[in-house]
Every structure is written in structure tokens, then in C-alpha cells.
Amino acid sequence: MAGSGKAHLRNSEEIILRVEDLTMEFPAGGKKFVRAVSGISFDIERGETLAIVGESGCGKSTLGKAILQLPKPTSGSVNFQGQELTTLNKDALRDIRPAMQMIFQDPVSSLDPRLSVAKIVDEPLKIWDRGDEMWRSNKVDELLNAVGLDPALVRDRRSYEFSGGQCQRISIARSLALEPLLLICDEPVSALDVSVQAQILNLLQDMKERYGLTLIFISHDLAVVKAVSTRIMVMYLGKVCEISAPDELYSRPRHHYTHALVSSVPIPDPNVAARRTTLEGEPPSPMDPPSGCRFRTRCPGATDLCAQEEPQLHEVSAGHYVACHWPRP
Amino acid sequence: MSNLPPMLSLRDFSVSFDTARGPLYAVRNVDIDVADGESLGIVGESGSGKTVLSRGAMGLLPKRVAHRSGTVVYDDHDLSQAPRKELREYWGTGMAMIFQDPMTALNPVRKIGSQLTEGLRIRLQMSKTDAAARGIELLNRVRIPDPAAVMEKYPFQLSGGMRQRVMIAIALACRPRLLFADEPTTALDVTVQAQVMQLLSELRHEMGMSMVIVTHDLGVVAGHTDRIAVMYAGEVVEIAPTKQLFANMQMPYTEALMKSIPRLDTPSGQRLPVISGRLPDPTQPETGCSFASRCPYVTDKCRAEAPPLVEVSPGHSYRCWFPIGGSR
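Chains A and B, in that order, give the protein sequences.
Everything in the first sequence is counted per our numbering, starting at 7 for the first residue and increasing by one.
Everything in the second sequence is counted per our numbering, starting at -19 for the first residue and increasing by one.
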């Protein structure tokens, strides 16, 4: 699986971000390298929500950060609104950063415990010298209101006085302060209770509509991304397995890995929940990935061909691409 | 349930903590039994008191700040007032716990082998070589590849799923009769979560253990428990055999928890149902039903008077004036 190829890239005026052959390597001592992301290509249209799904260590967070040039990718291209980010110098990159913001996984540790909520949300505005103090203060109130917090009650409190869900709301308010076009959400709800997850997912949807955002939503849980995404990209060990619209992907996963992911989502029904999972073991080390298809070591349908040749992404039905020599029916 | 006396029995069990704002009531008047060989799920949101309940039952809470009342009877021994020294006799061999976060629960500067065999050496007085052999056997049992090498590793060298397996091996080392698993899969990927839950179920059957699984996700315990207790604001608000609970839930909170689980079969792009509001302040006990402020079906009676726990069918009880199944 886990193939390369660009058959799925679209040619449209509306493309806001296009990533091609993106590779991110980290030195791992000696002459070894961890290839966290190897040769990934994808694009996003304005107003879309692209979900990037995969297990821990598949490179999904690294990919999210590499788009923001944090740090600069080893090779490949990231084109944001017609501008190539990988070749920009420091100042030019800084000028473009407000348009791309990120929300992090752990809402508590991503907020400065010494700053009041008002200061946290105000910080990006202050750094970019937007408006005068009065304007900024109003803007902070507007943002807090938008994410469902009462400014009068929360402005002067510190992040440790809030629950995880509320901290995530504060983070969202902060990320929206500079009116970004693209918001990258890295596992925004995985640290939260199920009951709070739904609130944050709904809030992200509302913010997307209200501020006209384009979202990249990184998660390991297919059930969570189902509600929010317009397109889903499944990753395994630094490569793309499958790209499709959500309903099609869930009802008919073509890649064996996607199928395993879908079937490991717990079903809240004691009569069907005793189902056995198909996926055994853990992903191999990204320092020494398997030859050919990277999923073959855990794949129930692997053959000799899978060890020899890396599958390329190809279209199996309209808008549904899969990188597998033997896709499921 | 069987006629045998339960393995663990909590009666009128409460835990409160001293805080700067006065006493915080984390667990309030809970009655729960765990039968021999049974698997019980305790489900609730963060702050519902489920972790405090399980730690309190084992006697793991710091005595200086945590006040327990009511009785805890384990295997016919009343442990409610037992001093720590006596409690230790039950830890490991009688009751054991898998802690929530496998990264912080393991000691980062000690090898897996030494942490795994500690209980065997101290509680079962095994020799070093015997304990090491047993340790390798345990790692094998929780399906860790190359267990001899893992014995010599440190926690940071293992993945999250591996660390959670090590935690399970440690908890099982002295063959406990009752295992508490506190959010055993919350820190893990969905795929690994499915593996770990399956492993726990298999080990329980193999070893004939009783198990208490504490979680915030009803979906996780649906296929792995015999009974489920739903907790809210320190109280058990509904308790029933698992199938009965899913088929015929009575308490609006259980329904709300159930609806908030993201499911694969809901169409995409739809708004998810949420439980609005938040848990009541545990330092300010409510006069009425603790769920009244968030309940979609709330009436004046709910705000004025706390509903008692009533039994609707054998083993199925709930706290609600206007249950979902009843006339509203």
C-alpha cells in the first residue's frame, strides 16, 4: 500500500493548498534516517475539510507540521494559494503564517498557564500589531463569544482553571484571531471525553462556516472524522493508502488497511461488539520500512507482487483512489 | 446474579476530599457488588467519580486528604477501616489495578523486567531467577514479541500499546482475583484499543478473574462487560446487565452519553448530539437530581427532590423521576 502517485490531484481554480512528493526525514543516529513522511501528494479545495487518518507513528502529525514548514520538509513542494512555501525565505514565510494556523492535541499544555485567557487570545493580535488596544480587546471578546465562552467570566482566569474541553475552546479562539484561511487541527478531540468531543466537533463546523475556513483534520479515529470531513486520506507509515469522500470510504473501504481501521471502531451495541479485529501487531519501524507496499507485513491479502512493487494510487470509482495491488471488492 | 457472596461489595460508599473551598464530594453513597468472575463496567464523564470510586475501593487514596465512609467488603473481609499494612496483603494477589496512562504509571528510570518482577519478589517471595522466568512468561501472555529483550528495556523504548501491555502484565503478575482497569485504552489508537480490550477479555476468561473496567466511552465496554454502572456527579445513576442497559435504558443521562458517541453509521456532515452544560460543582451538593441542570426532560420536581435508586427489573436500577421507558 502505501503508495505514491498523483492520480488523485485535481486541476481546479479552487485549490488552496497543493502538496507534492513531500518527504520528511529525521536523522536517527549513525547513517540512519527516520522517514516519517515519504513522497506524499494531496490537494485541498477552498472550504473543504480534509481528514488525515492513521495510527500513531504513521506521520500524520509530521505532515501537518511540514505543511507549515515546522520544520522545512526534506524535499517536495508545498504550494499555498499559488505560493511555493518551501523556497520562501524567513521573512516571507513569516508574512504568510497568519493565514495558516494550527490547533494542538493537548489543549491544556498548549496554553501558557501564566497568562490570562484574554492575554492568550490577544497574543497573536499583539505580535502582529493589529488595531489599537480597544479594538483588540473587542476582538478578543468577539472570539471568546464565538467559541461559546462568556468573556466577562473567563477573560481574567488562567487556563488551569478550565476543563479540557474549555481549554480546547480557548485554543480555537486563539487560532482564529488572525483570521486564517487554513486551520490544521492535530487530534483536537482525542484528549477529551466522548461527551465533550461532540461539542468541539460541532464548534469546529460552526467556525468553519462562520469564518470561511478550510480545515485539515488529523485523527486516529475514523468515527470522529466522519462527521466533520468532506474528504478522507488514510496514511500508513509515511505513505497514502486511500483517498475518498467519507460515506464511500466507510461503506466500501477498498484498501485492506482502511478496512481494518473501520472494523476496529468500537460499536456501542453489546450484540455486535464481540467482533474480532483483523489487524495484528504494530506497524514496522519507519527507519527500515518493508519493500514494495509498506502494509504488506500486516496485510491479509499480501502476495509476492506486494513485496516487489510499490502500488500507485489509482482511481477505483469517481473520486475514490486507492494504492493497492489487490484492492478489496 | 448468583447466590454466592460477591467478591467485592461496596455499601453506602462515599469519598470526599478536603479542598480550599470546603469538602468535595467525589463519590456519594454508592452500593455496588462485583460477583466472582464477573466483568463490570463503570462509565461516566471526567469528574463523575469513577476513578476515585475504584481507587477508593482498593484503598489507594491518600488518607490525609481523602475521607472514606461506608463499607468495603472484599472476600468476606471488611477493609473499610483496615490499616495500610493490612491492605497491602490484598494488593497484587487479591486486587490489582491497571492505571490509565502507561507513560506516567511506569517508572522511567527502571527496566521493564525490574518493574514487572517487583510484585513477584515481594508479594510471592520468588527468587530472582524464578521471577525473571515468570516475567518473560507474562510478557508472552500479553503478546509482546521477543519478551526476553523487552525485560531489559526502559519504558521510553516501547510504543504506547506495548507499554499498556506491560502495565497489564504487571497487574496480572501475582494472579489477582479482581482486576481494576482504569481507562485501559484511552491513551491508545483505535486499532490498539481493540487489541487490548480483546486481550483483557481473553485473560479474564483464562484466569477466571473478576474485572472492573472504568471508562468514559460506552462503546468500549459494550462487548466486554456483563453489567454496566453509569456514574454521574459521584452517584450511580443507572446500573443494569449490559444487554438490558443498551436495549432498555431508563436514565436520560445514559441516553445522552450513548447519543454522543461518534458512530460510523451516522451520515457525514451532520451535527452531533451533545450534552449541553457541565457537571455540577462537587463542593456544592444539589438539592434535586444531580443531572437536572443538563437534562432535556427536566421538571420542577427534578430540581426540588433527588430521585431514589429504584429497580425496574432484576438487577436494573436507575435514579430518575421520569424514566425514558415510563410515561412522561
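The beta-carbon is built from N, C-alpha and C at its ideal position, and this holds for glycine as well.
Remember, it's a predicted structure, so these values are computed and weren't measured experimentally.
For residue j and residue i, the rounded distance between their alpha carbons
| i | j | result |
| --- | --- | --- |
| Val217 of chain B | Asp112 of chain A | 30 Å |
| Met7 of chain A | Ser297 of chain A | Only weak support exists for where Met7 of chain A lies, its pLDDT of 41 falling under 50; the value from the coordinates is given anyway. So the two alpha carbons sit approximately 10 Å from each other. |
| Asp294 of chain A | Lys38 of chain A | 9 Å |
| Ile206 of chain A | Thr92 of chain A | 32 Å |
| Asp11 of chain B | Leu33 of chain B | 11 Å |
| Thr205 of chain B | Pro164 of chain B | 14 Å |
| Asp(-8) of chain B | Ala161 of chain B | 22 Å |
| Arg308 of chain B | Trp301 of chain B | Because Arg308 of chain B sits at a pLDDT of 43, beneath the cut-off of 50, its placement in the model cannot be relied upon, and the point is left open. |
| Leu228 of chain A | Glu248 of chain A | 13 Å |
| Lys132 of chain A | Glu66 of chain B | 60 Å |
| Ala197 of chain A | Gly170 of chain A | 8 Å |
| Trp332 of chain A | Thr279 of chain B | 59 Å |
| Thr236 of chain A | Tyr327 of chain A | 15 Å |
| Thr267 of chain B | Lys30 of chain B | 22 Å |
| Pro274 of chain A | Ala227 of chain B | 11 Å |
| Met189 of chain B | Ser83 of chain A | 55 Å |
| Ile190 of chain A | Gln203 of chain A | 17 Å |
| Gly140 of chain B | Val172 of chain B | 9 Å |
| His14 of chain A | Ile116 of chain B | 48 Å |
Sheet register partners of residue i (DSSP bridge)
| i | result |
| --- | --- |
| Asn85 of chain A | A:Arg24 and A:Glu90 |
| Pro221 of chain B | B:Arg207 |
| Leu4 of chain B | B:Phe(-3) |
| Ile22 of chain B | B:Val194 and B:Ala209 |
| Ala298 of chain B | According to the sequence displayed, residue 298 of chain B carries Tyr and not Ala. DSSP, once it has assigned bridges, lists B:Glu218 and B:Val290 as partnering Tyr298 of chain B. |
| Glu31 of chain A | A:Arg41 |
| Tyr242 of chain A | A:Lys245 |
| Gln205 of chain A | According to DSSP, Gln205 of chain A bridges with nothing at all. |
| Gln211 of chain A | Paired residues: none, contrary to the question. |
| Gln107 of chain A | A:Leu189 |
| Val52 of chain B | B:Leu(-10) |
Counted within 10 angstroms of its Cβ, other Cβ atoms place residue i as buried (16 or more) or exposed
| i | result |
| --- | --- |
| Glu90 of chain A | exposed |
| Gln105 of chain B | exposed |
| Met83 of chain B | exposed |
| Leu159 of chain A | exposed |
| Pro177 of chain B | The sequence given here has Met at residue 177 of chain B, not Pro. Its Cβ being crowded by 16 or more others within 10 Å, Met177 of chain B is buried. |
| Gly257 of chain B | exposed |
| Leu2 of chain A | Any answer about residue 2 of chain A is impossible in this case: the structure gives chain A only from 7 up to 335. |
| Ser(-18) of chain B | Any reading at Ser(-18) of chain B is ruled out, since the residue's pLDDT is 49, under 50, leaving its predicted position unreliable. |
| Gly70 of chain A | buried |
| Ile102 of chain B | exposed |
| Ser107 of chain B | exposed |
| His185 of chain B | exposed |
| Leu319 of chain A | buried |
| Pro287 of chain B | buried |
| Arg24 of chain A | buried |
| Lys66 of chain A | buried |
| Ala213 of chain B | buried |
Within-9 Å CB hit, residue i to chain B
| i | result |
| --- | --- |
| Asn151 of chain A | no |
| Gly170 of chain A | yes |
| Lys37 of chain A | no |
| His265 of chain A | no |
| Leu228 of chain A | yes |
| Ile58 of chain A | no |
| Pro274 of chain A | yes |
| Gln174 of chain A | no |
| Lys232 of chain A | yes |
| Ser47 of chain A | no |
| Gly287 of chain A | yes |
| Thr236 of chain A | yes |
| Gly63 of chain A | yes |
Any chain A beta carbon closer than 9 Å to residue i
| i | result |
| --- | --- |
| Gly199 of chain B | yes |
| Ser139 of chain B | yes |
| Val172 of chain B | yes |
| His185 of chain B | no |
| Pro82 of chain B | no |
| Met191 of chain B | no |
| Asp169 of chain B | yes |
Cutoff 9 Å: residue i Cβ touching any chain E Cβ
| i | result |
| --- | --- |
| Gly295 of chain B | Of the protein chains in the structure, A and B, none is chain E. |
Using a beta-carbon distance cut-off of less than 7 Å, what residues from the segment 210 to 244 of chain B approach chain A? Thr222, Lys223, Phe226, Leu237, Met238, Ser240, Ile241, Pro242, Arg243 and Leu244
Would you list, in chain order, the members of the segment 246 to 261 of chain A that have their beta-carbon closer than 7 Å to a beta-carbon of chain B? Pro252, Asp253 and Tyr256
Using a Cβ-Cβ cut-off of less than 8 Å, list which residues of the segment 211 to 225 of chain A approach chain B; keep chain order. Gln211
With 7 Å as the limit, tell me which residues of the segment 44 to 65 of chain B have their beta carbon closer than that to any beta carbon of chain A; keep them in chain order. none
Listed in chain order, which residues of the segment 17 to 40 of chain B have Cβ atoms closer than 7 Å to some Cβ of chain A? Glu25 and Ser26
Listed from N- to C-terminal order along the chain, which residues in the segment 246 to 257 of chain B have their beta-carbon within a distance smaller than 9 Å of any beta-carbon of chain A? Thr246, Pro247, Ser248, Gly249, Gln250, Arg251, Leu252, Pro253, Val254, Ile255 and Ser256
Output needed in chain order: residues of the segment 181 to 199 of chain A with a Cβ under 8 Å from some Cβ in chain B. Asp199
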